[in-house]
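Heads up: the structure comes next, in structure tokens.
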Amino acid sequence: MDGNIGGWSFTSLTFWPFLGLVLVAYWLAPSRCRNGVLLIGSYVFYASWDWRFLAVLLVPTVSDFSVARAIAKSDDARRRRGLLGLSLLIDLGVLGFFKYNDFFIAQIARALERWGLGFSGPAPRIFVPIGISFFTLSSLSYVFDVYRRKMEPTRRLPDYALFVAFFPKLIAGPIERARTFLPQIAGERRVGWSDLREGGWFVLQGLFAKLVVADGMAQLVNGIYAADPALLSGLECWTGAYAYAFQLYCDFWGYSAIALGISRWLGFRLMLNFRTPYFSRNPSEFWSRWHISLSSWLRDYVFLPLDYLMLRRQGVRTWLGLREDYWAYFGSVFATMLVAGLWHGTGWTFMVWGAYFGLLLCFHRAFLGYRKLLGLSRSRLRRISGPVRTLALFNLVCVGWVIFRAGSVGQAATMLTKMLTDFRMTSVVTYGLGLMGILAGPFLFLEYALSRRDEGTGLPRFSWAMRGAIYAYMVLMIIVFSAVRQNEFIYFRF
Amino acid sequence: MSSSTSGSKEPIRIVLIMVLAVSACEGVVRLIGGSLSLNIRHIRAIPAIATELAGSPKPRTLFLGASQIRLGIDLEAWRTGLASLGIEPGTVRKVVPDDSWVSEWYYVVLNQFVERRAVPDLAVVGFTSTDHVSDRKVRGGRSGAFYGKTGNIPELFSQDLHGLAEQADFLIGHALLIYGFRDTLQKRVGDYFIPGYRRGARQVNAWVRAAPAEADGTEAPGRSERTYGCLSRFARLFRDHDADLLMVALPTPTGRELDPGIREALESGGAAFIDGRVVPGLGPEDFLDNVHLNERGAEKFTKWLVPRAARFVVEASR
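Laid out in structure tokens, this is it:
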């Protein structure tokens, strides 16, 4: 573990004494004071990264709390829409200023230079408050739900503040919804023996995924993506793609699992953010299992409104053999995935990645549409065995990760071309595949076992001896195989 | 999410399995660590080397360093060279833990030689890179497992291990050999199970090193920013125990610059220095790789070193 990763990351040693103090203070405090303990602890946690970030955290807290109450009090549709617009302006304005400012200034500067109108001098550097992409969406969902009359606004600002700032989920999600989380804050919480056990399982699994698998893949991925892509072999590019697939998943799942575990110790239930996504069989299923809190947020607040809008404006027609609801879906899902790309980052690679997945989802839906036209029954399609479909989808996802991880669109294009044309075997390939087999293989096997049982990633229903063996394996792997140098959680950068 | 049905004894059984598994692995590694690694076998033999030196007549010479000294000094050539000059070579031994540097050598000398009253009369310490002698981030786990003791904690925590993570690393490495030894364990597993492990890892590391630093204003410290606090302490350690320290810059096939800070640190601690970076007659054919001499090169270099180090051996005899 590393105490020098900025702030109190879950894998930094300085986090755990803090957590211990919070747990002790929380459970010793009278029940009416526990939310206050958590709120103070959450602000201290956030300030450990940079105390100035607290000001940014308070903006959506105060503005969305006030706006939601004003929306709920009004019956005037125009006023309600205006208030919603105000909330969007403030939240997205703050997010855009901090997260996208550098990117747009750089693009404008580049364009001006190309036209001979370049300006000299350094571009202003704005530090992005950590977690801003996550807590902004969380807070926005609250305002949307109040606007749609799906919930009543809370009257207690401290409760709302805790909903936004709850430290286990503050930095990298899950992006919780107020309508499931606020009742937990307001209600009585109990922690039973099963919560302690399941919390412990999640924390152990998260530390294993992050310290052993994700950080173990990091050097391999960094090396392959640092190399000149023109000199790499296609198999090296594939190795980098697979390694990054495991690094990204285990990094993000690791964080989410630890957040889930800690929350269970505090009596809260966060939503599951991943459900063995690499065992999905089609792009739509993948997005119902990968970063579930984000994909469901985008579905509810971007895709469905867009889809509704597009359907309302169309009559009943058929283009190229597909009904217009298909075309509405194509437009909505493609736009939603572009938003997903933009949410992840400010580079063109993220936009291309979003477009790529948008196209995959469109093709999948189109295929389902044409399946009926071509008379391909479900039973005939099911003859294409599950493992083949799973493997095919995994490779398609990895192609997307190449774009996602690349430093530029050009690098991604070169690597993808190589992946289809150059099959030279090198020592980096055998090294990389061997490393993945040792570090990620058992984890993947466990995921497969859990996916067969459809248990998500909860405490496996194995015998105590099997569970003991699994835990012992994870602890030993953490002791022996945790990377000598730890890396920052990847999703801290989004 | 679901939880399994369990009795009250199940968690205890599960924790017991975990403790037993970790203990079993620790026991196995402590038992057969020597056969897993020549380096561990050598480190475990250091107390015996110290005891042997303590009981030997003067002059008692200790060659200290990493693999560059292990391969780069020919003890037979040293003895015969001194004898040809009419100097009694006395007892000569090597302590050469692999991939070690000055902060670790310091605690080897402190714990294995000073505490056993076995400080050699002359310590000859060789290095090829400034990294061996400059202040670097101490590997807490390794230090805890092999070089440091709990009695060193005040000095370690104040001088060498800064921050909770490094200090915790030391304590865990001290308690669990599998933790302190893990980089070797990882390499062994890799060598055994992964084809092309070393070659592949070297290539990947080369790509990472060649990558430009991120353009965020942070840069690696330049040479002028290197410090040698630990080297000064190392030199003073010998001076305070009436022993002589002779630092030798070893040759490499491509040559390198020497930071003036090294000489200043040695002078402040009363240590001597021999610049062996360029040795007449040594060519690329005398090296195994970029840093290690081969057998013939070691003999040539040792013969070159003997007349330059002779006076120190003579002084050590008194």
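These protein sequence lines map, in sequence, to chains A and B. One gets our numbering by counting positions in the first sequence from 1 and adding 14 to each. So that you can map any letter, position 196 of the second sequence is 186 in our numbering, and since no number is skipped, the others follow by simple counting. Glycine included, each C-beta is placed from N, C-alpha and C at the ideal position. Keep in mind the model is a prediction, meaning the values are calculated, not measured.
Inset, instruction - Please say whether L312 of chain A and V366 of chain A have beta carbons closer to each other than 8 Å? - result: What you label residue 366 of chain A is simply residue 352 of the first sequence in a count that begins at 1. What you label residue 312 of chain A is simply residue 298 of the first sequence in a count that begins at 1. Cβ distance not < 8 Å, so V366 of chain A and L312 of chain A don't count as in contact.
Would you check if there are 3 or more beta carbon pairs closer than 8 Å linking the region 199 to 206 of chain A to the region 242 to 262 of chain A?
no
Along the region 178 to 198 of chain B, what residues have a CB closer than 9 Å to any CB found in chain A?
V179, G180, F183, I184, P185, G186, Y187, R188, R189, G190, A191, R192, Q193, V194, N195, A196, W197 and V198
- Chain-ordered neighbours of E314 of chain B on chain A, where CB pairs are closer than 7 Å: The shown model of chain B, from -9 to 308, leaves out residue 314 of chain B, and the question about it has no answer.
Subject >> Residue environment, D242 of chain A, which counts as buried when at least 16 other CB atoms sit within 10 Å >> reply: Within the first sequence, the letter at position 228 stands for residue 242 of chain A. Exposed.
Within chain B, the residues that Y485 of chain A reaches when beta carbons sit closer than 8 Å: Position 471 of the first sequence, counted from the first residue, corresponds to residue 485 of chain A. The answer, in chain order, is I4, I7 and M8.
- request: Report all residues from its chain with a CB closer than 6 Å to the CB of E42 of chain B; omit the five preceding and five following residues, and keep chain order.
  value: For the purposes of this step, residue 42 of chain B is taken as the residue at position 52 of the second sequence. Contacts found: none.
Practice problem: Compare the C-beta of R172 of chain B with all C-beta atoms of chain A and state if any pair is closer than 8 Å. | Solution: Translated into the one-based positions of the second sequence, residue 172 of chain B becomes position 182. Closer than 8 Å: yes.
Rounded to a whole number of angstroms, what is the C-alpha to C-alpha distance between G268 of chain A and V227 of chain A?
Taking the first sequence and counting its residues from 1, one reaches residue 268 of chain A at position 254. Taking the first sequence and counting its residues from 1, one reaches residue 227 of chain A at position 213. Cα to Cα, G268 of chain A sits roughly 10 Å from V227 of chain A.
- Message: Per DSSP, what are the beta-bridge partners of G116 of chain B in this structure?
- Response: Start at 1 with the first residue of the second sequence, and residue 116 of chain B comes out as number 126. DSSP lists B:V238 as partners of G116 of chain B.
| query | When we look at the beta-carbon of S101 of chain A and count the other beta-carbons within 10 Å, is it buried (16 or more) or exposed? | reply | As a first step, residue 101 of chain A must be located in the first sequence, where it is residue number 87. Buried is the call here.
Could you check which residue in B:A108, B:V85 and B:A67 has the C-alpha nearest to that of D232 of chain B? Sequence index remark: in the second sequence, residue 232 of chain B carries index 242 (1-based). Residue B:A108 is the option with its Cα nearest to D232 of chain B.
Query raised in the report: Alpha carbon to alpha carbon, what distance is there between L154 of chain A and G50 of chain A?
Result: Indexing the first sequence from 1 puts residue 50 of chain A at position 36. Indexing the first sequence from 1 puts residue 154 of chain A at position 140. Rounded to the nearest angstrom, the two C-alpha atoms are 23 Å apart.
Below 9 Å on C-beta distance, what does I168 of chain B contact in chain A?
Taking the first residue of the second sequence as position 1, residue 168 of chain B is located at position 178. The contacting residues are L490, I493 and V494.
- prompt: Quick one: any contact between the region 96 to 114 of chain B and the region 128 to 147 of chain B, if contact means 3 or more CB pairs under 8 Å?
  reply: yes
* Asked: Nearest-angstrom Cα distance between W22 of chain A and G153 of chain B?
  -> Counting from one through the first sequence, the residue named residue 22 of chain A turns up at place 8. Counting from one through the second sequence, the residue named residue 153 of chain B turns up at place 163. Rounded to whole angstroms, W22 of chain A to G153 of chain B spans 13 Å at the Cα level.
* Limits of the beta strand (DSSP E) - the one that F141 of chain A falls within -> Within the first sequence, the letter at position 127 stands for residue 141 of chain A. Note, F141 of chain A: premise wrong, no beta strand (DSSP E); not H, not E.
On the DSSP bridge list, what partners appear for F263 of chain B? Position 273 of the second sequence holds residue 263 of chain B. Answer by DSSP bridge pairing, in chain order: B:M237.
Taking 8 Å as the threshold (beta carbon to beta carbon), is S158 of chain B in contact with chain A? To locate residue 158 of chain B, count along the second sequence from 1; it is residue 168. Contrary to the premise, residue 158 of chain B reads as Ala rather than Ser in this sequence. So, interface residue.
Which word fits L283 of chain B, buried or exposed, when buried means at least 16 other C-beta atoms lie within 10 angstroms of its C-beta?
Position 293 of the second sequence, counting from 1, holds the residue named residue 283 of chain B. L283 of chain B comes out buried.
Q) Alpha carbon to alpha carbon, what distance is there between L218 of chain A and R385 of chain A? A) Counting from 1 along the first sequence, the entry for residue 385 of chain A is found at position 371. Counting from 1 along the first sequence, the entry for residue 218 of chain A is found at position 204. Spanning the two alpha carbons is a distance of roughly 44 Å.
- Taking Cβ-Cβ distances shorter than 8 Å, what residues in chain A pair up with Q176 of chain B? As a position in the second sequence, residue 176 of chain B is number 186, starting the count at 1. The answer, in chain order, is V494 and F495.
* Asked: Hey, out of B:A44, B:P47, B:A14 and B:I59, whose CA is closest to T242 of chain B's CA?
  -> Against the second sequence, residue 242 of chain B aligns to sequence position 252. Selected option, being the one with the closest Cα: B:I59.
Exercise for the section: Within the same chain, show all residues whose beta-carbon is closer than 6 Å to that of F302 of chain B, passing over the 5 residues directly before and after it, in chain order. Expected result: Stepping through the second sequence from its first residue, residue 302 of chain B is reached at position 312. If we look at F302 of chain B and ignore the five residues flanking it on each side, its Cβ neighbours are L112, D234 and L236.
Original post:
Run through DSSP, which three-state label would W333 of chain A get?
Top reply: Reading the first sequence from its first residue, position 319 is the one you call residue 333 of chain A. Strand.
Review point. Got a sec, what are the start and stop residues for the alpha helix (DSSP H) K432 of chain A sits in?
Key: By one-based count along the first sequence, residue 432 of chain A stands at place 418. Element bounds for K432 of chain A: V423 to T435.
> Which parts of the region 184 to 216 of chain A are runs of the alpha helix (DSSP H), unbroken and 4 residues or longer, counting only runs that do not cross its ends?
Replying inline: 192 to 200
For G55 of chain B, which option in B:A44, B:H32 and B:G45 has the closest C-alpha, if you only look at C-alpha atoms?
-> The residue labelled residue 55 of chain B in the question sits at position 65 within the second sequence. It is B:H32 whose Cα lies nearest to the Cα of G55 of chain B.
So what's V269 of chain B in DSSP terms, helix, strand or just coil?
Translated into positions along the second sequence, residue 269 of chain B becomes position 279. Note: V269 of chain B maps to coil in three-state DSSP.
ask   = From what residue to what residue does the alpha helix (DSSP H) around F53 of chain B run?
value = Looking up residue 53 of chain B in the second sequence gives position 63. No alpha helix (DSSP H) contains F53 of chain B, which is instead part of the beta strand (DSSP E) from R50 to L54.
Problem set entry | Short Cβ contact (8 Å threshold) for W95 of chain B with F263 of chain B | Your numbering for residue 95 of chain B matches position 105 in the second sequence. Your numbering for residue 263 of chain B matches position 273 in the second sequence. No, the pair does not count as a contact, with Cβ atoms beyond the cut-off.
Relative to chain B, which residues along the region 396 to 424 of chain A have a C-beta separation below 9 Å, given in chain order? none
Tell me the rounded alpha-carbon separation between L171 of chain A and S147 of chain A. Residue numbering aside, residue 171 of chain A sits at position 157 when the first sequence is read from its first letter. Residue numbering aside, residue 147 of chain A sits at position 133 when the first sequence is read from its first letter. Those two C-alpha atoms are separated by around 21 Å.
Quiz item: For R126 of chain B, which of helix, strand or coil comes out of DSSP?
Solution: Numbered from 1 along the second sequence, position 136 holds the residue referred to as residue 126 of chain B. Correct three-state label for R126 of chain B: coil.
Checklist entry - Quick one: is S441 of chain A near chain B, going by C-beta distance under 8 Å? => result One-based indexing of the first sequence puts residue 441 of chain A at position 427. At least one chain B Cβ lies under 8 Å of S441 of chain A.
Note to self: One question on the structure: do F216 of chain A and L274 of chain A come within less than 8 Å of each other, judged by their Cβ atoms?
What the structure shows: Counting from 1 along the first sequence, the entry for residue 216 of chain A is found at position 202. Counting from 1 along the first sequence, the entry for residue 274 of chain A is found at position 260. The answer is yes: Cβ separation under 8 Å.
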